[in-house]
Structure formats: C-alpha cells, structure tokens
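Have a look at the structure below before the remarks.
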Amino acid sequence: MDWDKLRIFHAVSEAGSFTHAGEVLNLSQSAVSRQISALEESLKVPLFHRHARGLILTEQGELLYRTAHEVFAKLAMTEALLTESKDRPRGVLKVTTTVAFGSTWLAPRLRLFMDVYPDIELHVILEDRELDLSMREADIAIRMQPPRQADLIQRHLLTVHMQAYAAPSYLKKHGLPARPEDLDRHRLIVYGQDTKPPVPDVNWLLRIGRSEGAMRSAALMVNNVYAIMQAVAAGAGIGALPEFMVPEGSDLVPVLPELEGPRIDAYFVYPEELRGTQRIEVFRDFMLRQVADARL
0 MDWDKLRIFH AVSEAGSFTH AGEVLNLSQS AVSRQISALE ESLKVPLFHR HARGLILTEQ
60 GELLYRTAHE VFAKLAMTEA LLTESKDRPR GVLKVTTTVA FGSTWLAPRL RLFMDVYPDI
120 ELHVILEDRE LDLSMREADI AIRMQPPRQA DLIQRHLLTV HMQAYAAPSY LKKHGLPARP
180 EDLDRHRLIV YGQDTKPPVP DVNWLLRIGR SEGAMRSAAL MVNNVYAIMQ AVAAGAGIGA
240 LPEFMVPEGS DLVPVLPELE GPRIDAYFVY PEELRGTQRI EVFRDFMLRQ VADARL
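Put into structure tokens, the structure is as follows:
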C-alpha cells in the first residue's frame, strides 16, 4: 500500500468527509477523493459508503482503519522518543485528568513546571472519560481509580477525601442538617446519570442515612464535579466535593463533617512503552513533590 494514500485514508476516516480531511491535510477535496479512489482500486475493495451527510467506513475500511490508527499512534510515540534530548527533556507532553482535579488543583501549579522545563510543551486534556493511552490520546493520565489495562504503569499519587459542603446563603435559608436523615429535607446536588462518573460512589449523599438500597432524590444533577462546586458556591444546595477543591479560607461550610465520605485513590498512569522517557519522569517527580507539599 502506498504510504501517502494510507495517510490520507486515515485522515478521511478521522474526519468523516473528504472536505474536512482536505482542510487538515491542506489538500483540495478533489485531490483527497482521487487518492481514496486510487487506494480502493489498488486494494479492489470499497473502503467507504458514500452518503449525502458524509462517509461511513465499510467492513473492510474498518479493518484497515484500526490497523492504520495503531501504526500512526506507534509512529508518533517513536518520534517523540527519538526527538527527546538526553541532556534536557523537550517535546510535547500530553497529560489528561478529570475536569475537577485539572482545573482546581493541577492547573494553578503548572507554572512551576513550565519555569523549570521550558522545552517541554504541555498539552493538558481535561476529560471525565478515560482517554486511551495505548493509542496515544495522551501520554500521562491522572486517574481517580486504578487502570484496567495491563500494559499501563501506575503509581499511587494521593488519596482524595470527599466531604459535603454548602454555601452560607443556602444554610441561612434552609438550616444546617444535624443528622444524615435530615438530608431528606434538603436540596442535594449530585453527579448526573447520563455519563459515567469520574470516581466511584460519587453520589453517596443520596444513600447516606437511608436504609440499605433506598435512595433519596436529587434537586440538581450535573455531569461535572467542577460545575457541582459552582452550583454549591452559588447557594443552590448541598453537594459532595473532593477536599482539594475547597481551599483554606473558602466560604463553603462543611455539612455533617463527621460523615465518612468515600476515599478515592488517584494514580499516575502511563504506557509501558514510555518507561524511562525523561518527560514522563520529570513530570512524575514534579507531581509527587506537589502532592507532598500540599500534604494531600
């Protein structure tokens, strides 16, 4: 197979149309279409179903795409390893973590890393879903649960404690719960059910103080912990938040502080193939120092 045609096929599969792939590749729509037709002719199989709304991979196209995607991911990883200087870490480093942890705890600390390692270009991807590290969607993940893939290296980073909080304005209007059972009469803000939560047992406030299997209702469901914090801070209700999101001096008031919320273990995770990569090692050491300094 012609390498250039395979590269164009991969771009078209990702983009879903000749026009969008052409924009990525800086080629005309007709040039992209001709290359795909030539590839199909050489393979003697159709790779796409053509529709008015775009392109859909055929069964043979799906097979070729999976192989091509894996090849290009491994090439990108190899290129990163080859271009890294042995004397000074350099190059792109993609880090992914949850929206809550990345926006409230990690992002404010990254300036220190950037000052020490100016040749590393940081790409921080905040997603509550888990990106596929083996396919190079990211180099490093900070995850709130152990990885399920066997080919990933993991290191325990910190233990996250969950606590219920409310704003003074809410408590002034609705009162402070004295017992877990009192939560039945309060407005609870919890993680939405439309997407997989980033941590286990994130909605423990719905079950605490209830008989086994019974759940209370929520007043507001939001599929983002950072948004839950904003709603709580605005006085919309009581919500469970990781303690790292509530700095000292915050106006938020702990609710039922004696309650033992779930403890969540966070892990520093990266692919086996990147073991020994300087960019990975210096960022890992940076994270461990920051966690120790923060006493998390």
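The numbering of the sequence shown is numbering that gives the first Met the number 0, which starts it at 0 and goes up by one. Using N, Cα and C, we set each Cβ at its ideal position, and we do this for glycine too. This structure is a prediction, so every number in the text was calculated from the model and none was measured.
Item to complete: Under 8 Å by Cβ, that's how I've got Phe299 and His9 pegged, so tell me the actual separation to the nearest angstrom.
Response: No statement about residue 299 is possible, as the shown extent of the chain runs from 0 to 295 and does not include it.
Worksheet item: What's the call for Lys93, buried or exposed, on a 16-neighbour Cβ count within 10 Å?
Response: Buried.
Discussion item. My output table needs one value for Leu125: the three-state DSSP class, helix, strand or coil.
Written reply: strand
Fill in: Rounded straight-line distance, which links the Cα of Glu180 to that of Ser210
10 Å
Item to complete: Please name the residue in Asp284, Pro176 and Tyr190 whose C-alpha comes closest to that of Glu257.
Response: Pro176
Practice prompt. Decide if the stretch 259-275 is in contact with the stretch 143-162; the criterion is three or more beta carbon pairs, one per stretch, under 8 Å apart.
Written response: yes
Practice prompt. Throw me the rounded Cβ distance for the Thr97 and Asp127 pair, which I believe falls under 8 Å.
Written response: 5 Å
Fill in: Buried or exposed (CB count within 10 angstroms, at least 16 for buried), Trp2
exposed
Discussion item. I want to know whether the stretch 165-172 touches the stretch 111-127 - three or more CB-CB distances under 8 Å.
Written reply: no
Worksheet item: Given a threshold of 16 other Cβ atoms within 10 Å of its Cβ, counted over all protein chains shown, does Ser12 qualify as buried or as exposed?
Response: buried
Practice prompt. May I ask you to verify whether the stretch 225-238 touches the stretch 109-120, counting CB pairs closer than 8 Å and requiring at least 3?
Written response: Taking 8 Å as the limit for Cβ pairs, the verdict is that the stretch 109-120 does not touch the stretch 225-238.
Discussion item. Going by DSSP, what residue range makes up the beta strand (DSSP E) through Tyr169?
Written reply: Segment Pro167 to His173 is the alpha helix (DSSP H) holding Tyr169; no beta strand (DSSP E) there.
Worksheet entry | Helix, strand or coil at Gly260 [DSSP, three-state] | coil
Worksheet item: Just how far apart, CA to CA, sit Arg178 and Trp203?
Response: 15 Å
Item to complete: Output yes or no for whether 8 Å exceeds the beta carbon distance between Leu56 and Leu46.
Response: yes
Worksheet item: Looking only at its own chain, which residues have a Cβ that is under 7 Å from the Cβ of Arg108, when we skip the five neighbours before and after it?
Response: Gln289
Worksheet item: Nearest CA to the CA of Gln148: which residue from Leu132, Arg154, Ile141 and Leu156?
Response: Leu132
Worksheet item: For Arg142, does the three-state DSSP call read helix, strand or coil?
Response: Strand, per DSSP.
Worksheet item: Taking Ser216 as the reference, which of Leu187, Ala75 and Asn222 has the closest Cα?
Response: Leu187
Discussion item. Please list the terminal residues of the continuous beta strand (DSSP E) segment that includes Arg49.
Written reply: Phe47 to His50
Item to complete: List the endpoints of the continuous alpha helix (DSSP H) containing Tyr116.
Response: Note, Tyr116: premise wrong, no alpha helix (DSSP H); not H, not E.
Worksheet item: Taking just the CA atoms, how far does Leu240 sit from Thr66?
Response: Cα-Cα distance, rounded: 42 Å.
Worksheet item: If you follow the beta strand (DSSP E) that Ile188 is part of, which residue opens it and which one closes it?
Response: Leu187 to Tyr190
Discussion item. Less than 7 Å between C-beta atoms, sequence neighbours within five positions excluded: which residues of the same chain meet that for Pro196?
Written reply: Tyr190
Worksheet item: Which of the three DSSP states, helix, strand or coil, is assigned to Met161?
Response: In the structure shown, Met161 sits in a strand (DSSP, three-state: E or B).
Practice prompt. Compute the Euclidean distance between the alpha carbons of Ile141 and Leu74, then round it to the nearest angstrom.
Written response: 24 Å
Worksheet item: DSSP beta-bridge partners for Gly248?
Response: Answer by DSSP bridge pairing: none, since Gly248 is not bridged.
Worksheet item: Can the beta-carbon of Gly90 be found closer than 8 Å to that of Arg278?
Response: yes
Practice prompt. Have a look at Ser249 and Ala213 and give me their C-alpha separation to the nearest angstrom.
Written response: 33 Å
Item to complete: Can you give me the start and stop residues for the beta strand (DSSP E) that Thr95 sits inside?
Response: Gly90 to Thr96
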